[in-house]
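Residues 1 to 201 in full-length UniProt numbering are what the sequence shown lists, from first letter to last. Each residue gets a CB set at the ideal place from its N, CA and C atoms; glycine is no exception. First the structure, in the form of structure tokens, and then the observations on it.
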Amino acid sequence: MSEAPANGPAEGQQQGQQEGQQPAEGQQTEATTPPPEDDLAKAKRQARHWESEAKKRDKALADATTRLSALEEQHKSAEDKALDQARKEGTDKANTEWSAKYRTLAVRSAAVSMLSGVVTAPDLALPHLDLSAIDVADDGTVDADALKAQVEAVLEKYPVLAVDADGNQPPHPHADLGPRKTPPAQKSVSDQLREALRPRR
1 MSEAPANGPA
11 EGQQQGQQEG
21 QQPAEGQQTE
31 ATTPPPEDDL
41 AKAKRQARHW
51 ESEAKKRDKA
61 LADATTRLSA
71 LEEQHKSAED
81 KALDQARKEG
91 TDKANTEWSA
101 KYRTLAVRSA
111 AVSMLSGVVT
121 APDLALPHLD
131 LSAIDVADDG
141 TVDADALKAQ
151 VEAVLEKYPV
161 LAVDADGNQP
171 PHPHADLGPR
181 KTPPAQKSVS
191 DQLREALRPR
201 R
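As structure tokens, then:
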């Protein structure tokens, strides 16, 4: 009759503990497997990836363009550089002249429009305005407040130019000067000669 191994019960106990530590069927899948990615999340992730790649390509292209421009500038001759400078100066001058003309036309148009409602003769009031002091925004908007202040100053100085509520010109302050004498008729040359040759008494 054979004897049982001395460590038999201990091995059985250890095996039982290991079996007891093993999760039940299906439990491991629920705890460690991530949920499936839906289509929207996947699309967002791909969009972020391609956006990042596009930014990298744009930066690389900008860097390459900068390096190319630097190389071209280094290999330009003195004549080419002088020509480029002349073109730039010509363009800047043309832009400045055009901006000045546009600004003058914009201010003048706004001034005539404002004067047409408050004076009887805008052409007479216009020379009294300092149009060069009126600011014009980049979008062509004229400083209406500054223009209005100048118009009011002109009307205060020359009230004869103002119109009343009905659009009529007020009476001239020197219009009523009383009866006037009729100026003598202009003598002809013959009459003047006869008077000059007439013998005096």
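Euclidean distance between Cα positions of residue i and residue j
| i | j | result |
| --- | --- | --- |
| Leu61 | Ser52 | 14 Å |
| Arg48 | Ser69 | 32 Å |
| Thr141 | Lys93 | 23 Å |
| Pro159 | Glu97 | 36 Å |
| Ala86 | Lys76 | 15 Å |
| Lys81 | Lys88 | 11 Å |
| Asp58 | Val118 | 58 Å |
| Gln74 | Ala54 | 30 Å |
| Arg67 | Lys42 | 38 Å |
| Trp50 | Lys56 | 10 Å |
| Tyr102 | Glu152 | 25 Å |
| Gln46 | Asp38 | 13 Å |
| Leu83 | Asp130 | 40 Å |
| Thr65 | Glu79 | 23 Å |
| Thr91 | Lys157 | 43 Å |
Residues near residue i in its chain [Cβ-Cβ closer than 6 Å; skip 5 each side]
| i | result |
| --- | --- |
| Val154 | Ala125 and His128 |
| Leu71 | none |
| Asp63 | none |
Beta-bridge partners of residue i, as assigned by DSSP
| i | result |
| --- | --- |
| Val107 | Its beta-bridge partners do not exist; DSSP assigns none. |
| Val136 | Val142 |
| Ala162 | Val119 |
Proximity to residue i [Cα-Cα], best of the options
| i | options | result |
| --- | --- | --- |
| Asp138 | Lys59, Ala70 and Ser99 | Ser99 |
| Gln161 | Thr141, Thr120 and Gln46 | Residue identity check: residue 161 is Leu in the sequence provided, not Gln. For Leu161, the nearest C-alpha among the options comes from Thr120. |
| Val163 | Pro122, Lys56, Ala144 and Gly140 | Pro122 |
8 Å Cβ shell around residue i - same chain, five flanking residues per side excluded
| i | result |
| --- | --- |
| Ala144 | Ala110 and Met114 |
Contact test: residue i Cβ vs the ligand MG heavy atom, cutoff 7 Å
| i | result |
| --- | --- |
| Ala60 | Although the ligand MG was asked about, the structure shown includes no ligands whatsoever. |
Residues of its chain near residue i, where Cβ-Cβ distance is below 7 Å and the 5 sequence neighbours each way are ignored
| i | result |
| --- | --- |
| Ser2 | Reliability of the predicted coordinates at Ser2 is poor, the pLDDT of 49 falling under 50, and the value obtained from them is presented with this limitation in mind. None. |
* Can we say the stretch 143-150 touches the stretch 110-123, given the rule of at least three CB pairs closer than 8 Å? -> Flag = yes, the stretch 143-150 and the stretch 110-123 touch.
* To do: Mind the definition here: the stretch 102-111 touches the stretch 129-145 only if three or more C-beta pairs lie below 8 Å; say whether that holds.
  => Yes, since at least three Cβ pairs between the stretch 102-111 and the stretch 129-145 fall closer than 8 Å, the two stretches touch.
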